[in-house]
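First to last, the sequence lines map onto chains A and B. Everything in the first sequence is counted per numbering that gives the first Met the number 0, starting at 0 for the first residue and increasing by one. Everything in the second sequence is counted per numbering that gives the first Met the number 0, starting at 0 for the first residue and increasing by one. Beta carbons: idealized from backbone N, C-alpha and C, even for Gly. Keep in mind that this is a model prediction, so the values were computed, not measured.
Number of protein chains: 2
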Amino acid sequence: MTKPTEDPLALERQVCFALVVAARSVLSIYRPLLEPMGLTHPQYLVMLALWADAPLSVGEIGTMLQLDSPTLSPLLKRLESAGFIIRRRSDVDERQVIVELTPQGRDLREQALRIPPAVVARLGMSIPDLEALRESLTQVIAASRRADASEPTS
Amino acid sequence: MTKPTEDPLALERQVCFALVVAARSVLSIYRPLLEPMGLTHPQYLVMLALWADAPLSVGEIGTMLQLDSPTLSPLLKRLESAGFIIRRRSDVDERQVIVELTPQGRDLREQALRIPPAVVARLGMSIPDLEALRESLTQVIAASRRADASEPTS
DNA sequence: CATTTTTAAGTAGCATACAATTAAATCGTA
DNA sequence: TACGATTTAATTGTATGCTACTTAAAAATG
């Protein structure tokens, strides 16, 4: 029974504040689980994309993860020096860089299978609650994308 | 009617992926609105905390925003050189640094009042939907904090 | 009262994100 | 076919976040 504030700038009313803190909080649960695998969370997301559908171009990974080349390029370099992926220029279109899994990168999937259940266990939230949250977040993502699309280009 | 995948590592099933992308997407809506004020989103959050309850120590801001001193220190320096805040050592406890608003920082609140409605407008989501989302996120934050608290300390 | 422990900020180093720019390859079209 | 426009990555520079460590001050303890 918290008294509702009328202040529109109250921290506890800001959806984006809740969003940012929730993301950071959940990431802090992933971190110790991913660390033994030698992956950060963004790197883990790239690996998820590759396990689902390798090989992928940098651009395709960017579309799937909503990340740009300035973020992906150094990240992919680190994944390559870790031995999980290989990057090569496409023969068909030399502008594109194709990202492929190494056997080592493929093998990592085995360990990754333990991550989602471990996260759910540590969170202690019900699967339906998490499902509902994911649906809700997907709506926000769609809404944001619409907003971006209609933004006036200078 | 998307066919549900049985793959537990499918990107579209990862709550944390949705969380991270949603946060980034909504931030991209704030960015052009905050830029004319000369604020980034984390800086905006610090200002919200100060508008609500200045003066605050660095530690108090960290508690409210769930941020540590390594993040806050440089951020506060930038807010200070922008002329929005002043930092001074506490007289009572010289370990603490007290953050105070400048008149300029106080005045900025006027412009900030336009931010929340502008974000809601651009998102195009209903207030009840946003409220429900915020509630849901607050649950996740609480769950994460419990998980962190119970984490075995090495 | 002296020493140890704890606490509050800050610094150093690393890994994202993002805006702006660059470089190279491809495409479209005259 | 030549050439300007577009596309794909990468690079540069700035601002978070986080881990590990440092410094200084306050608190606790013998």
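Considering residue i, what are the terminal residues of the alpha helix (DSSP H) in which it resides?
| i | result |
| --- | --- |
| B/E93 | No alpha helix (DSSP H) holds B/E93; DSSP gives it neither H nor E. |
| B/T125 | In the sequence as presented, Thr is not what sits at residue 125 of chain B; that position holds Ser. From DSSP, B/S125 is part of no alpha helix (DSSP H); its letter is neither H nor E. |
| A/Q110 | 102 to 111 |
| A/D52 | 40 to 52 |
| A/S72 | 68 to 80 |
| A/T62 | 57 to 64 |
| B/F16 | 14 to 33 |
What separation, rounded to the nearest whole angstrom, lies between the Cα atoms of residue i and residue j?
| i | j | result |
| --- | --- | --- |
| B/T4 | A/A48 | 14 Å |
| A/G58 | A/R94 | 10 Å |
| B/H40 | B/L33 | 7 Å |
| A/R108 | B/A131 | 35 Å |
| B/M63 | A/P31 | 24 Å |
| B/S153 | A/R113 | Here B/S153 scores only 38 on pLDDT, less than 50, and its place in the model should not be relied on; the value that follows carries that caveat. Using only the alpha carbons, I get a separation of about 21 Å. |
| A/R46 | A/L8 | The amino acid occupying residue 46 of chain A in the given sequence is Met; Arg does not appear at that position. Cα to Cα, the separation comes out at about 39 Å. |
| A/D6 | A/S72 | 43 Å |
| A/D52 | A/T70 | 20 Å |
| B/P115 | B/Q65 | 21 Å |
| B/P35 | B/A142 | 36 Å |
| A/I85 | B/C15 | 26 Å |
Indicate whether residue i and residue j have their beta-carbon atoms separated by less than 9 Å.
| i | j | result |
| --- | --- | --- |
| B/L129 | B/V119 | yes |
| A/V98 | A/P54 | yes |
| B/R144 | A/S80 | no |
| B/A22 | A/L18 | yes |
| A/G37 | B/A146 | no |
| B/G61 | B/F83 | no |
| B/Q13 | A/L44 | yes |
| B/L136 | A/V20 | yes |
| A/I28 | A/R121 | yes |
| B/S125 | B/V96 | no |
| B/L10 | B/W50 | no |
Any beta-carbon of chain A closer than 9 Å to the one on residue i?
| i | result |
| --- | --- |
| B/A146 | yes |
| B/M124 | yes |
| B/R121 | yes |
Checking contacts by CB at 9 Å: is residue i closer than that to chain B?
| i | result |
| --- | --- |
| A/T39 | no |
| A/Q42 | no |
| A/L47 | yes |
| A/V98 | no |
| A/D6 | yes |
| A/R94 | no |
Contact set between the stretch 102 to 115 of chain B and chain A, restricted to residues whose Cβ is under 9 Å from the partner: R108, A111, L112, I114, P115
Where the stretch 52 to 64 of chain A meets chain B: residues whose CB sits under 9 Å from a CB there: M63, L64
Identify each residue in the stretch 60 to 90 of chain B for which the Cβ-Cβ distance to at least one residue of chain A is less than 7 Å, and report them in chain order. Of all residues in the stretch 60 to 90 of chain B, only M63, Q65 come within less than 7 Å of chain A when Cβ atoms are compared, listed by chain position.
Using Cβ-Cβ distances below 9 Å, what residues of the stretch 12 to 30 of chain A are close to chain B? R12, Q13, V14, C15, F16, A17, L18, V19, V20, A21, A22, R23, S24, V25, L26, S27, I28, Y29
Selection of the stretch 125 to 139 of chain A by Cβ proximity to chain B, strictly under 8 Å: With the criterion set as a beta carbon lying under 8 Å from some beta carbon of chain B, the members of the stretch 125 to 139 of chain A are D128, L129, A131, L132, R133, S135, L136, T137, Q138, V139, in sequence order.
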